[in-house]
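A.B. asks: Here's a structure for you.
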Amino acid sequence: MRRTADVVIVGGGIIGASIAYHLTKKGVRDVLVLERDRLGSGSTGKNAGGIRLQFSSEINVRLSQRSLPHIERFADEIGADPHFHQVGYLFLITEERDVAPFERSLAMWSKLGVPARRITAAEAKALFPHARTDDVRFGTFCAKDGYADPTSMMNGYVARAREAGATFVEGAQVTEITCGNGRVAGVRSSAGDVAAPTIVDAAGPWAALVAKLAKVDLPISPLRRHIFVTEPVAGLDEDFPLTIEFATGLYAHRESGGVLLGMADPNEKPGFDDGVNWDFMPTVVERALSRFPILERTSIKTGWAGLYEDTPDKHPILGKVDGVEGFICAAGFSGHGVMHAPATGELLAELIVDGRTSLDINALRASRFGAGELVREHNVI
Ligand SMILES: Cc1cc2nc3c(=O)[nH]c(=O)nc-3n(C[C@H](O)[C@H](O)[C@H](O)COP(=O)(O)OP(=O)(O)OC[C@H]3O[C@@H](n4cnc5c(N)ncnc54)[C@H](O)[C@@H]3O)c2cc1C
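Sequential numbering from 0 applies to the sequence shown in numbering that gives the first Met the number 0.
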C-alpha cells in the first residue's frame with residue numbers, strides 16, 4: 000500500500016468513482032479510492048437507476064441538467080454502455096395536496112428549460128395504457144428522463160480513472176482520519192496509512208460515520224428502501240415510461256423482461272439493516288395491482304433492499320466542510336445519487352483543483368442545517 004496521495008476518496012460507489020474519474024480528467028493522477036468492501040457493494044449496487052429532471056428544487060434540477068448530457072453521451076465519453084432507456088418519467092397526481100406543488104414545479108421547469116409538460120389523465124393513459132388513470136387529476140411527463148444501469152456507469156468511471164492513474168483499493172476500511180492544525184493530514188485504513196491533503200467523504204449511507212472520524216457531525220441517516228421485481232408479464236412486452244403514483248411513491252419500470260417495483264415504507268426507521276422485510280412486500284404488491292392491473296398475470300421473482308443516504312432536507316451535502324480544512328463531503332443524496340453522480344464528479348473535481356465550481360453549490364453546504372437554511376424537495380420518491 001502506498002503512503003501518500005493527492006486526494007483520498009473514502010467510498011468506492013458511483014460517487015467516489017465519478018469524482019476519481021473527473022479528477023484524473025483535470026490532471027490529478029495521484030487519486031486513491033479506498034473501499035472497505037467491493038466497489039459498488041453499497042447503495043450503488045441496490046438501486047433503481049432512475050434518471051430525471053423533474054425535481055421541485057432548482058438546485059436538484061440544475062444538478063440533473065448538468066448530469067443528463069453526460070449520461071446521454073456516456074458511451075462516447077467513457078466507452079461503456081450505461082444502458083440508458085430514455086423512456087421518460089410519468090408522474091400521476093391523484094391527491095389535491097400535490098396539485099399546487101406540481102403547478103409550481105411546472106412553472107419552474109418552464110423557466111429552466113426542462114421539457115416536462117402537464118398532461119391530462121387521458122394523455123397519461125395513452126403513454127402507458129396499463130396504468131389505471133380513473134383517479135388521476137393530471138400527470139407530468141418529461142421524455143428526457145428514464146433509467147440506466149448504475150453498475151455499468153460506475154465500472155466505466157473506474158476503468159477510465161484507473162487508465163489515467165487513479166488507484167482503487169477494495170477491502171480497505173478507513174478507520175481514522177488524522178488531523179492537525181485544523182486540517183486533514185491523512186487516513187488510517189485496514190490496508191495501511193496514507194498521508195493526503197484532501198479527503199473526500201463519499202461513503203454514501205455511512206458518510207456520517209466517516210465524517211465523525213474527522214470530528215465532523217453530518218446529518219446523514221441510512222434509510223432502508225425496497226425493490227421487488229416480477230417475472231415476465233404476458234401482454235407487456237414494450238418499454239414504458241418510469242411511472243410514479245406520487246401519493247404513495249410507488250414506481251415501476253421495466254426490468255429483465257418483468258417489472259421493477261419500488262415504494263417507501265412509511266414506517267421505516269433510520270438504521271443500517273438492509274435485509275429484506277418480506278412482510279412489506281404484500282403492501283407493495285397490493286398498490287401495484289391497483290395501479291397496474293396487468294400485473295395480476297405475473298408474480299414476484301425477487302426482491303432486495305438498500306439504504307438511502309437521507310438528509311433532513313433531502314438534498315446532498317456537497318463541498319468543503321467548515322472547521323476541517325481539506326475535508327470534503329459528497330454524500331446525502333437522499334435517493335438521487337446515481338443521476339447526480341456525473342455532475343457531482345465534475346463539480347467536486349473543479350472545487351478540488353480550481354477552488355471554485357462552475358455551478359453554484361453553496362445551497363448544499365454542510366453548514367445550512369445549523370443555520371436553518373434548508374432547501375426543500377417535494378418530489379422525493
Ligand atoms: C432501493 C434504492 C433505490 C434507489 N433508486 C435510485 C434511483 O432511481 N436513482 C438514483 O439516482 N438514485 C437512487 N438511489 C440512490 C443511489 O443508490 C445512491 O444515492 C447512490 O448509489 C450513492 O452512491 P455513493 O457512491 O454515494 O454510495 P454507495 O454506493 O453506498 O458507496 C459508498 C461506499 O462507501 C463504502 N464505505 C463506507 N464506509 C467506509 C469506510 N469507513 N472506509 C471505506 N469505505 C467505506 C461502502 O462500502 C460503499 O461501497 C436508490 C437507492 C436505493 C437504496
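Heads up, the beta-carbon is just placed ideally off N, CA and C, and yes, glycines get one too.
Less than 8 Å between the beta carbons of Ile92 and Gly138, yes or no?
C.D. replies: For the purposes of this step, residue 92 is taken as the residue at position 93 of the sequence shown. For the purposes of this step, residue 138 is taken as the residue at position 139 of the sequence shown. Their beta carbons are under 8 Å apart, which means Ile92 touches Gly138 by this criterion.
A.B. asks: With distances taken between CB atoms, is the gap from Ala330 to Gly203 smaller than 8 Å?
C.D. replies: Locating residue 330 in the sequence shown gives position 331, counting from the first residue. Locating residue 203 in the sequence shown gives position 204, counting from the first residue. Yes.
A.B. asks: What residue from Tyr146, Gly344, Ala365 and Arg367 has the CA that sits closest to Thr356's CA?
C.D. replies: As a working note, residue 356 is residue 357 in the sequence shown. Cα-wise, what sits closest to Thr356 is Gly344.
A.B. asks: Please tell me whether Ile70 and Ala362 are closer than 8 Å, where the distance is taken between their beta carbons.
C.D. replies: Mapped onto the sequence shown, residue 70 falls at position 71. Mapped onto the sequence shown, residue 362 falls at position 363. Their beta carbons are not under 8 Å apart, which means Ile70 does not touch Ala362 by this criterion.
A.B. asks: Would you call the CB atoms of Leu382 and Ala287 closer than 8 Å?
C.D. replies: Any question about residue 382 goes unanswered here, given that the chain covers just 0 to 380.
A.B. asks: Closer than 7 Å: is that where the CB of Leu33 sits relative to any heavy atom of ligand 1?
C.D. replies: For the purposes of this step, residue 33 is identified with residue 34 of the sequence shown, where counting begins at 1. At least one heavy atom of ligand 1 falls within 7 Å of the beta-carbon of Leu33.
A.B. asks: For Val60, name the three-state secondary structure that DSSP assigns.
C.D. replies: As a position in the sequence shown, residue 60 is number 61, starting the count at 1. Three-state result, Val60: helix.
A.B. asks: I'd like the span of the alpha helix (DSSP H) that includes Thr151, first residue to last.
C.D. replies: Counting from 1 along the sequence shown, the entry for residue 151 is found at position 152. Sequence check: residue 151 is Ser here, not Thr. Here the alpha helix (DSSP H) through Ser151 covers Pro149 to Glu162.
A.B. asks: Cβ-heavy atom distance between Met338 and ligand 1 below 7 Å?
C.D. replies: Locating residue 338 in the sequence shown gives position 339, counting from the first residue. Yes, since a heavy atom of ligand 1 falls inside the 7 Å radius drawn around the Cβ of Met338.
A.B. asks: Exposed or buried, which one is Trp108 when buried takes at least 16 other CB atoms within 10 Å?
C.D. replies: Locating residue 108 in the sequence shown gives position 109, where the first residue counts as 1. The residue in question, Trp108, is buried, as its Cβ has 16 or more Cβ neighbours within 10 Å.
A.B. asks: In angstroms, rounded to a whole number, what distance separates the CA positions of Arg290 and Lys124?
C.D. replies: As a first step, residue 290 is located in the sequence shown; it is residue number 291 there, counting from the start. As a first step, residue 124 is located in the sequence shown; it is residue number 125 there, counting from the start. So the alpha carbons of these two residues sit roughly 12 Å apart.
A.B. asks: Can you tell me whether DSSP reads His252 as helix, strand or coil?
C.D. replies: What you label residue 252 is simply residue 253 of the sequence shown in a count that begins at 1. Strand.
A.B. asks: Please check the pair His225 and Asn276, which I expect to be a contact at CB under 8 Å, by giving their CB distance rounded to whole angstroms.
C.D. replies: Position 226 of the sequence shown, counting from 1, holds the residue named residue 225. Position 277 of the sequence shown, counting from 1, holds the residue named residue 276. The C-beta separation of His225 from Asn276 comes to about 7 Å, placing the pair in contact by the 8 Å criterion.
A.B. asks: State the DSSP-derived secondary structure class of Met262, mapped to helix, strand or coil.
C.D. replies: Sequence index remark: in the sequence shown, residue 262 carries index 263 (1-based). Note: Met262 maps to strand in three-state DSSP.
A.B. asks: For Ser189 versus Ala171, is the C-beta distance shorter than 8 Å?
C.D. replies: What you label residue 189 is simply residue 190 of the sequence shown in a count that begins at 1. What you label residue 171 is simply residue 172 of the sequence shown in a count that begins at 1. Yes, these two residues count as a Cβ contact at 8 Å.
A.B. asks: Quick one: what does DSSP say Ile380 is sitting in, helix, strand or coil?
C.D. replies: The residue you call residue 380 lines up with position 381 of the sequence shown. Looking at Ile380 - three-state DSSP - the assignment turns out to be coil, as it is neither helix nor strand.
A.B. asks: How many angstroms separate the CA atom of Leu294 from the CA atom of Ile18?
C.D. replies: Translated into the one-based positions of the sequence shown, residue 294 becomes position 295. Translated into the one-based positions of the sequence shown, residue 18 becomes position 19. Going by the C-alpha atoms only, they are around 40 Å apart.
A.B. asks: Please state the DSSP three-state secondary structure of Asp75.
C.D. replies: Taking the sequence shown and counting its residues from 1, the one referred to as residue 75 is at position 76. Residue state, collapsed to three classes: helix.
A.B. asks: Considering just the uninterrupted stretch of the alpha helix (DSSP H) at Val209, what are its terminal residues?
C.D. replies: Indexing the sequence shown from 1 puts residue 209 at position 210. Ala206 to Leu212 is the span of the alpha helix (DSSP H), which, as asked, contains Val209.
A.B. asks: With a threshold of 6 Å on Cβ separation, who are the neighbours of Ala142 within its own chain once the five nearest residues in sequence on each side are excluded?
C.D. replies: Here residue 142 refers to the residue found at position 143 when the sequence shown is read from its first residue. Only Gly87 meet the Cβ criterion.
A.B. asks: May I ask whether a heavy atom of ligand 1 can be found less than 7 Å away from the beta carbon of Tyr156?
C.D. replies: Within the sequence shown, the letter at position 157 stands for residue 156. It does not: the Cβ of Tyr156 is nowhere closer than 7 Å to a heavy atom of ligand 1.
A.B. asks: Quick one: what does DSSP say Thr197 is sitting in, helix, strand or coil?
C.D. replies: What you label residue 197 is simply residue 198 of the sequence shown in a count that begins at 1. Taken through DSSP and simplified to helix, strand or coil, Thr197 comes out as strand.
A.B. asks: Sorted by chain position, which residues of the same chain lie with C-beta nearer than 6 Å to Ala423's C-beta, five sequence neighbours on each side aside?
C.D. replies: Summary: the structure shown does not reach residue 423, with the chain confined to residues 0 through 380, and so no result is reported for it.
A.B. asks: Would you mind stating whether Thr197 and Ile299 have Cβ atoms separated by less than 8 Å?
C.D. replies: In the sequence shown, residue 197 corresponds to position 198, counting from 1. In the sequence shown, residue 299 corresponds to position 300, counting from 1. No, Cβ-Cβ distance for Thr197 and Ile299 is not below 8 Å.
A.B. asks: Just list the residues that DSSP pairs Ser220 with in beta bridges.
C.D. replies: For the purposes of this step, residue 220 is taken as residue 221 along the sequence shown, with counting starting at 1. Per DSSP, Asp309.
A.B. asks: Is it buried or exposed, Phe271, if we count other Cβ atoms within 10 angstroms and call 16 or more buried?
C.D. replies: Looking up residue 271 in the sequence shown gives position 272. With fewer than 16 other Cβ atoms within 10 Å, it is exposed.
A.B. asks: Report all residues from its chain with a CB closer than 8 Å to the CB of Pro81; omit the five preceding and five following residues, and keep chain order.
C.D. replies: Residue numbering aside, residue 81 sits at position 82 when the sequence shown is read from its first letter. Ile70, Phe73, Ala74, Ala147, Asp148, Ser151, Met152 and Gly155, listed in sequence order.
A.B. asks: Using the three-state DSSP reduction, which class does Glu129 fall into: helix, strand or coil?
C.D. replies: As a working note, residue 129 is residue 130 in the sequence shown. The residue asked about is misnamed: residue 129 is His in this sequence, not Glu. Coil, per DSSP.
A.B. asks: Quick one: what's got a C-beta closer than 6 Å to Ser56's C-beta in the same chain, skipping five residues either side?
C.D. replies: Taking the sequence shown and counting its residues from 1, the one referred to as residue 56 is at position 57. The answer, listed in chain order, is Val374 and Glu376.
A.B. asks: Check whether the Cβ of Glu244 lies closer than 7 Å to any heavy atom of ligand 1, and answer yes or no.
C.D. replies: The residue labelled residue 244 in the question sits at position 245 within the sequence shown. Incorrect: Glu244 has no Cβ contact closer than 7 Å to ligand 1.
A.B. asks: Do the CB positions of Val283 and Phe239 come within less than 8 Å of each other?
C.D. replies: Translated into positions along the sequence shown, residue 283 becomes position 284. Translated into positions along the sequence shown, residue 239 becomes position 240. Result no, Cβ atoms of Val283 and Phe239 do not sit closer than 8 Å.
A.B. asks: Can you grab the Cα-Cα spacing for the pair Glu254 / Phe279, in whole Å?
C.D. replies: If you number the sequence shown from 1, residue 254 lands on position 255. If you number the sequence shown from 1, residue 279 lands on position 280. Near 20 Å, if we compare the C-alpha coordinates of Phe279 and Glu254.
A.B. asks: At what residue ranges does the stretch 282–308 contain a whole run of the beta strand (DSSP E), taking only runs of 3 or more?
C.D. replies: Assignment of beta strand (DSSP E) within the stretch 282–308, counting only whole runs of 3 or more residues, yields no such run.
A.B. asks: Measuring only the C-alpha atoms, how far is Pro269 from Asp312?
C.D. replies: Your numbering for residue 269 matches position 270 in the sequence shown. Your numbering for residue 312 matches position 313 in the sequence shown. Taking the straight line from one Cα to the other gives about 15 Å.
A.B. asks: Can you tell me whether His69 sits near ligand 1, meaning its C-beta is under 7 Å from at least one heavy atom of the ligand?
C.D. replies: Sequence index remark: in the sequence shown, residue 69 carries index 70 (1-based). Because no heavy atom of ligand 1 lies under 7 Å away, the Cβ of His69 does not count as near it: no.
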